[in-house]
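This report refers to the structure that appears directly beneath it.
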Amino acid sequence: MALDRIHLPQERFLWAIQRAGMDLDTYQSKYPKSSVAKWITEEKTPTLKQLEDFAKQVRVPFGYLFLEHAPQEEIPFPVFRGEAGQRQGFDLDVYDTVNGVRQRQEWLSDYLVENEIPVCEIVEVVSLHTPVAETVDVLRRKLQLDARWAFELASDGAAVSKMTEQLENAGVFVAFNGIVGNNTHRPLDVKECRGFALVDHIAPYIFVNSQDAKKAQLFTLVHEAAHIMLGVSAGHAETLTLSHDATERYCDMVAAEFLVPAMVLRELWDGDLKKLSRRFWVSELVIARRAHDLGLMSDNDYRNFWQEYSHRPHSQKKEGNGGDFYRSSLKRVGKLFAIHIRNAVNSSQLSYTEAYRLTGLKGQTYDVFMNNNI
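Note that our numbering has the sequence shown beginning at 1, numbered continuously upward.
If you want it as structure tokens, here you go:
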């Protein structure tokens, strides 16, 4: 019996491939058995099963292929990367990650209001006209962290954990992930996204790419907290250069002063960037920029350091199947979010099906996670 064939306009195939971050040649090299090139030239017409396989390969909802016009999809906030400014383009992994966080945020907003649960008090409390020192003081009070808070911690990982805990205590929801959802075949590239802030007056969210170095994650947490204080959603990607965007520069300055206070750096400055990096738990680059801005490092010394640092290999952390699954899940889900999910299920305000969808955990895995890790 002859198979039914389905005709689609050639631009629909090209759109789907480009949406997945590939061109036709890249797609063909990845899927050499595919007949897409012949579908585009109309030498052949795909069957329904072949179209379903194609949709899975390019991670496009199957129904999108049959729409009269391809949907207009975009990340709902700018993603900045240094002097390049706002990135013009579409990264499917970042897009799907943002949508996953938005789904959690939408549920949270309704749940917190309905249950009259106290919400975050640092959303949109400053502006670009607020002195950086004043913004830092507000953040220190809300997070209950003094200027030397990081000195007593044993590692950069401990500093990230402490900062996360204090942000969550202040009502900011925080999630870490280095892949899209739980899909280890979809790593989240630091060059496309180091993290982002998704502002909401009820349930503000910070997302951090756990593929990034721990010291960079710490800077991202405070940078995105500054975005929440400004009430401006945005993301940023890997870059060694400073952004020219006013909001990004302001958030960078807040993060730098919060993590490396000018008064403390002046007191401790001895020119040893590695030692100071381990005291404040930030990168040597952050220490050097602060020292240069404060007149502690000459133009020539900073230029020499920059030449050496910019040529260092800065490899991403590999996130695979190793390690403690439930520990990783706690970071991906976020402890504060998980507590609300558990409470909502226990009070019959949320079904298990919805809890599975929002956490990405199912069945016995979900039960073990909630019973032993929250």
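Just so you know, even glycine gets a beta-carbon here, dropped at the ideal spot from N, CA and C.
Round the Cβ separation of residue 188 and residue 93 to the nearest angstrom and send it over; I've been treating them as touching at under 8 Å. Right, the Cβ-Cβ distance comes to about 5 Å (below 8 Å), so this counts as a contact.
Smallest Cα separation from residue 346: which of 371, 333, 365? For the residues 371, 333, 365, the minimum Cα distance to residue 346 belongs to 371.
Distance, Cα to Cα, residue 84 vs residue 250? Summary for residue 84: the model assigns pLDDT 41, below 50, so the residue's position carries little reliability, and this model does not support an answer.
Measuring straight from C-alpha to C-alpha, what distance separates residue 351 and residue 332? Cα to Cα, the separation comes out at about 21 Å.
Taking only three categories from DSSP, how would you classify residue 289? In the structure shown, residue 289 falls within a helical segment according to DSSP collapsed to helix, strand and coil.
In its own chain, which residues sit with a C-beta less than 6 Å from the C-beta of residue 54, not counting the 5 before and 5 after it? Short of 6 Å from the beta carbon of residue 54, and not among the five residues preceding or following it, lies no beta carbon of its own chain.
Are the Cβ atoms of residue 186 and residue 237 separated by less than 8 Å? Contact check for residue 186 against residue 237 fails: the beta carbons are separated by 8 Å or more.
CA-to-CA distance, residue 167 to residue 221, given in whole angstroms: Approximately 9 Å between the Cα atoms of the pair.
Return helix, strand or coil for residue 239, following the three-state DSSP convention. Assignment of residue 239 by DSSP, reduced to helix, strand and coil, places it in the coil class.
Member of 343, 244, 39 whose CA lies at the smallest distance from the CA of residue 374: When only C-alpha atoms are compared, the closest one is 343.
So, under 8 Å CB-CB, residue 45 and residue 7 are touching, yes? Tell me the CB distance rounded to an integer number of Å. Confirmed, Cβ separation roughly 6 Å.
Look at the alpha carbon of residue 22 and the alpha carbon of residue 16, and state the distance between them as a whole number of angstroms. Going by the C-alpha atoms only, they are around 9 Å apart.
Does the beta-carbon distance from residue 338 to residue 353 come in below 8 Å? For residue 338 and residue 353, no; Cβs fall outside 8 Å.
Tell me where the beta strand (DSSP E) around residue 378 begins and ends. The first residue shown for the chain is 1 and the last is 374, placing residue 378 beyond what the model contains.
Compare the beta carbon distance of residue 376 and residue 252 with 8 Å and say whether it is the shorter of the two. This structure leaves residue 376 out entirely; the chain is present only between 1 and 374.
Per DSSP, which one or two residues make a beta bridge with residue 187? According to DSSP, which records beta bridges pairwise, residue 187 is partnered with 179.
Need the endpoints of the alpha helix (DSSP H) that residue 100 sits in, please. Counting along the chain, the unbroken alpha helix (DSSP H) around residue 100 starts and ends at 92-114.
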